[in-house]
Amino acid sequence: MTLSGSDIRALVTRPQELAEPLVTMIQQLGGGAWSLPMIHIQPMAENQTLRNQVLQLDQYSKIIVISQNAARLGLEHIENYWPQMPLKMTWYAVGSKTLQWLKSYDIEATCPEISIEKNKSADSEALLQLEGLQQVSGEKILILKGKGGRELLETTLRNRGAQVDCLELYERQKPDYPENCLNRLIKEHAINVILTSSGEILANTADYLSPALSQECCLVVPSERIARMPEAQAFKRVYTAQGADNHAMISVLNLINSEGLT
247 MTLSGSDIRA
257 LVTRPQELAE
267 PLVTMIQQLG
277 GGAWSLPMIH
287 IQPMAENQTL
297 RNQVLQLDQY
307 SKIIVISQNA
317 ARLGLEHIEN
327 YWPQMPLKMT
337 WYAVGSKTLQ
347 WLKSYDIEAT
357 CPEISIEKNK
367 SADSEALLQL
377 EGLQQVSGEK
387 ILILKGKGGR
397 ELLETTLRNR
407 GAQVDCLELY
417 ERQKPDYPEN
427 CLNRLIKEHA
437 INVILTSSGE
447 ILANTADYLS
457 PALSQECCLV
467 VPSERIARMP
477 EAQAFKRVYT
487 AQGADNHAMI
497 SVLNLINSEG
507 LT
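Counting from 247, one number per residue, gives the positions in the sequence shown under the working numbering.
And the structure:
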């Protein structure tokens, strides 16, 4: 895992419950790390539409889970209505942490391969390249996700002939911080790297961050798509991780540390 003797002083911006393990990991490896969530996850209130979709789970041939939060909240609802998991369906996960959540419920799922050498990341684009999602005409597919967000998966699968339903399990909310909260934190701890795990988190971070401080920090993003966002261009340097999981982030921090922060 490396990092020891590091000059890394990183800010983790993911939701608090997901940030703490990464902060601890960086600190244990000898780096500095602090957390300021740039997005809050609010579970959707259970309603009849949600209940109906969960009760009809066995009508779907494929289930796609796009995030850790979707896995956590979705599986809680499923457990409430299905004492025994329905059989004869194939599960897919976006990201290794999502895959781990499914495994904790004894669900075998397929996840895109992550390869630093081949520049492969476990995102929606990679998921759509999997063999099992090519010939889906006439199939019913359920996507467990947050409210809103990208529509790439459902649009592409519908274009391939599938009937696609989305089970929205949570809302992403921008945190309400004092105007200079982020800038003060960065100055106080001499933070030099900001870790982001989604485009929305990057956009929220940019809203709170002064242009001058962004020029003093390296930015880590989880995909090339997010690296191309206008908000990313304001930073000193931009590094693309092979996904948003902890190990992908640590790998990039090792690279930054080896290159130097000057």
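Virtual Cβ for every residue (Gly too), placed ideally from N, Cα, C.
query: Going by the beta-carbon positions, is the gap between Leu303 and Leu379 smaller than 9 angstroms?
result: no
query: Is the beta carbon of Gln381 within less than 8 angstroms of some heavy atom of the ligand NAP?
result: The ligand NAP is absent from the structure shown, which contains no ligand whatsoever.
- prompt: Rounded to whole angstroms, how far is the Cβ of Leu249 from the Cβ of Asn438, which I believe are closer than 8 angstroms?
  reply: About 14 angstroms; that fails the 8 angstroms criterion.
query: First and last residue of the beta strand (DSSP E) that includes Arg255?
result: Arg255 to Val258
- prompt: Grouping DSSP H, G and I as helix and E and B as strand, with all else coil, what is Leu275?
  reply: coil
- prompt: In the DSSP assignment, what residue or residues form a beta bridge with Ile285?
  reply: None, per the DSSP bridge assignment.
field: Neighbourhood of Lys364 by C-beta distance below 6 angstroms, restricted to the same chain and skipping five residues each side
entry: Any answer about Lys364 is weak, because its pLDDT of 43 lies below 50 and its placement is not dependable; what the coordinates show is given next. Hits under 6 angstroms: none found.
message: Between the alpha carbons of Ala291 and Lys420, how many angstroms are there, rounded?
response: 19 angstroms
Residue closest to Leu413, alpha-carbon to alpha-carbon, out of Lys349, Gln294, Ala473 and Ala265: Gln294
field: Nearest residue (CA-CA) to Arg297, options Leu415, Val340, Tyr485 and Ala449
entry: Leu415
message: Is the separation between the beta-carbon of Trp337 and that of Ala355 shorter than 9 angstroms?
response: yes
message: With H, G and I counted as helix, E and B as strand and the rest as coil, what does DSSP make of Arg418?
response: strand
field: Short Cβ contact (9 angstroms threshold) for Leu199 with Ile353
entry: Outside the modelled stretch of the chain, which goes from 247 to 508, sits residue 199, for which no answer is possible.
message: Assuming Leu448 and Ala478 are in contact, meaning their beta carbons sit under 8 angstroms apart, how far apart are those beta carbons, in whole angstroms?
response: 6 angstroms
- prompt: At which residue ranges does the segment 277-342 contain complete beta strand (DSSP E) runs of 3 or more residues, listed in the order of the chain?
  reply: 278-281, 286-289, 308-311 and 336-339
Closest Cα partner of Ser469 within the set Val340, Ser460 and Glu385: Val340
message: Please tell me whether Ser443 and Leu264 are closer than 9 angstroms, where the distance is taken between their beta carbons.
response: yes
task: Would you check if the distance between the CB atom of Gly278 and the CB atom of Arg255 is smaller than 9 angstroms?
output: yes
- request: Return the chain-ordered list of same chain residues with a C-beta closer than 7 angstroms to the C-beta of Leu219, the five sequence neighbours on each side being excluded.
  value: Here the chain has residues from 247 to 508 only, and residue 219 is not among them.
- prompt: Would you call Asn450 buried or exposed, if buried means 16 or more other Cβ atoms sit within 10 Å of its Cβ?
  reply: buried
8 angstroms Cβ shell around Leu301 - same chain, five flanking residues per side excluded: Tyr327
query: Tell me which same chain residues have a C-beta within less than 7 angstroms of the C-beta of Met247, skipping the five on either side of it?
result: Leu275 and Ile496
- prompt: Can you tell me whether DSSP reads Thr515 as helix, strand or coil?
  reply: With the chain covering 247 to 508 only, the question about residue 515 has no answer from this structure.
- prompt: How would you write the range of the beta strand (DSSP E) that Cys464 sits in, first residue to last?
  reply: Cys464 to Val467
- prompt: Is it right to say His323 is buried, meaning 16 or more other beta carbons lie within 10 angstroms of its own, or is it exposed?
  reply: buried
message: Here's the rule: buried if 16 or more other CB atoms are within 10 angstroms of the residue's CB, otherwise exposed. What is Ser383?
response: exposed
query: Between which two residues does the alpha helix (DSSP H) harbouring Thr401 extend?
result: Leu398 to Asn405
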